[in-house]
Amino acid sequence: MKTLLAIGSAFTAGVLLTSFSHLSSTLTARINTTATVMRKVVTLPSQTEELNIHCSETITSASINDLHEAVETPHSFDNIVQVAYERATEPTISERPSFDIDWWERESNLTTTGGLRRKDRILLAEVYSKAESVFEYGLGESTYMADYLKVPRYAGTDSDPGWVDMARRRVSDHFRFYFSDIGATREWGYPINEKLAKSVFNYQLGPLIVESLPFDVYMVDGRYRLASVLASFLHASARGGDPAETTVLLHDCHPTNGQRKVYNKANHLLNLTDHSGTLLCVYQRFPNTTDEQLEELWYEHMNVLQRM
22 MKTLLAIGSA FTAGVLLTSF SHLSSTLTAR INTTATVMRK VVTLPSQTEE
72 LNIHCSETIT SASINDLHEA VETPHSFDNI VQVAYERATE PTISERPSFD
122 IDWWERESNL TTTGGLRRKD RILLAEVYSK AESVFEYGLG ESTYMADYLK
172 VPRYAGTDSD PGWVDMARRR VSDHFRFYFS DIGATREWGY PINEKLAKSV
222 FNYQLGPLIV ESLPFDVYMV DGRYRLASVL ASFLHASARG GDPAETTVLL
272 HDCHPTNGQR KVYNKANHLL NLTDHSGTLL CVYQRFPNTT DEQLEELWYE
322 HMNVLQRM
């Protein structure tokens, strides 16, 4: 975990970035034009004078050791982040209940309108009941289901502060929430100004950058849906998750993707492993899908907003 949290030091030293880090650094450059973002494969010599490496010199083992030290030694800030993150993300373990769909729909008082349908709830409960960790883009009934099913480690984000506040008041204290600022929003957290430079970074990547551990399940039900699906897979990979085990759920996704054809753009990279029969799709990566392919597709769709 210390290595994961030392990513800032590694970035400064000029080591090779993961595809997920490429995405975040790209958006950082757009927001802060005075920052110089290093998105290139490391080519020795480095410009770091302290390491004394020059292209005309033979790189000695001592120089390589110096480079390793610079990369692996965490900054004091990284140390305090590690301590606080471990405390905040300590899984809350408790007996996990079975899910009674009839009770949930008739008596729980936790259903919401315009979102999950009965078959969606059944499939979502099946996935969440097996998950040790969940991240959600878009808060609502799925968040309440995650709480009811006692998901041990949870984080989620929304572009509407009202939904963040509502969810926070109705679930367990160990659930952690982020507000993704994409400017003023109207119904369902849709941005009034679609062209704010900060929006893509704040919504798709900002919350995940904080998360040093991968999640078993990512649920995408908000804005920028295809891009968020791709970012979810890249985050899991960058944080050490098993690509074969990472699951991403996509809401408002018909099994044939006929309603929103943009989702078909990922069919060659993502395997539709299950669906509810209504509007919930379950995706995993194909075994031969690479991070670089996911990254390339993300660049193509990073600005595509999901319209209601």
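Quick note: the sequence shown uses my numbering, first residue 22, plus one each step. We put the beta carbon where it would ideally sit given N, CA and C, even for glycine.
Buried or exposed for residue i, going by 16 or more other Cβ atoms inside 10 Å?
| i | result |
| --- | --- |
| Thr134 | exposed |
| Tyr149 | buried |
| Gly261 | exposed |
| Leu256 | Residue 256 is actually His in this sequence, not Leu. With 16 or more other Cβ atoms within 10 Å, it is buried. |
| Glu111 | exposed |
| Gly161 | buried |
| Asn223 | buried |
| Ala287 | buried |
| Glu316 | buried |
| His296 | buried |
| Val250 | buried |
Note down the Cα distance separating residue i from residue j, rounded to an integer number of angstroms.
| i | j | result |
| --- | --- | --- |
| Glu100 | Glu107 | With the sequence shown as reference, residue 100 is identified as Asn, and Glu is not the correct amino acid for it. Cα to Cα, Asn100 sits roughly 11 Å from Glu107. |
| Leu72 | Thr94 | Summary for Leu72: the model assigns pLDDT 40, below 50, so the residue's position carries little reliability; its value from the coordinates is reported in the next sentence. Taking the straight line from one Cα to the other gives about 14 Å. |
| Tyr304 | Leu271 | 8 Å |
| Phe156 | Tyr175 | 6 Å |
| Ile122 | Ser97 | 49 Å |
| Ser119 | Met323 | 38 Å |
| Glu126 | Arg142 | 9 Å |
| Arg189 | Phe196 | 8 Å |
| Thr310 | Phe41 | 15 Å |
| Leu234 | Asp263 | 12 Å |
| Val231 | Ile114 | 22 Å |
| Ser180 | Met166 | 20 Å |
| Ala109 | Phe307 | 33 Å |
| Ala105 | Leu229 | 16 Å |
| Asn285 | Phe198 | 30 Å |
Would you kindly check if the distance between the Cβ of residue j and the Cβ of residue i is under 8 Å?
| i | j | result |
| --- | --- | --- |
| Leu301 | Leu145 | yes |
| Leu247 | Val283 | yes |
| Arg244 | Leu326 | yes |
| Asp168 | Val185 | no |
| Gly183 | Thr164 | no |
| Tyr158 | Val241 | yes |
Does residue i come out as helix, strand or coil in the three-state DSSP assignment?
| i | result |
| --- | --- |
| Tyr211 | coil |
| Thr332 | Residue coverage of the chain in this structure runs from 22 to 329, which leaves residue 332 outside it and unanswerable. |
| Leu318 | helix |
| Ala359 | Nothing can be reported for residue 359, as the shown portion of the chain is limited to 22 through 329. |
| Thr33 | Because the pLDDT at Thr33 is just 37, under 50, the model does not fix this residue reliably, and the value given afterwards should be weighed accordingly. Correct three-state label for Thr33: helix. |
| Met323 | coil |
| Arg197 | strand |
| Asn288 | coil |
| Thr294 | strand |
| Val269 | strand |
| Ser233 | coil |
| Leu145 | helix |
| Phe98 | helix |
| Ser129 | coil |
Apart from the five residues just before and just after residue i, which ones in its own chain have a Cβ nearer than 7 Å to its Cβ?
| i | result |
| --- | --- |
| Ser220 | Ile203, Gly204 and Pro212 |
| Arg138 | Thr299 and Leu300 |
| Leu226 | Leu44, Ser45, Leu48 and Ala252 |
| Ala152 | Val172, Asp237 and Val238 |
| Gln314 | Leu290 |
| Arg207 | Ile213 |
Give every residue of the same chain whose Cβ lies closer than 6 Å to the Cβ of residue i, excluding the five residues on either side of it in the sequence, and list them in chain order.
| i | result |
| --- | --- |
| Thr39 | Ala259 |
| Ser154 | Arg174, Phe236 and Asp237 |
| Gly136 | Gly161 and Glu162 |
| Phe200 | Pro182 and Val185 |
In chain order, what residues of the same chain have a beta carbon less than 8 Å from the beta carbon of residue i, not counting five sequence neighbours either side?
| i | result |
| --- | --- |
| Arg117 | Ser150, Leu170 and Lys171 |
| Leu293 | Pro276, Cys302, Val303 and Tyr304 |
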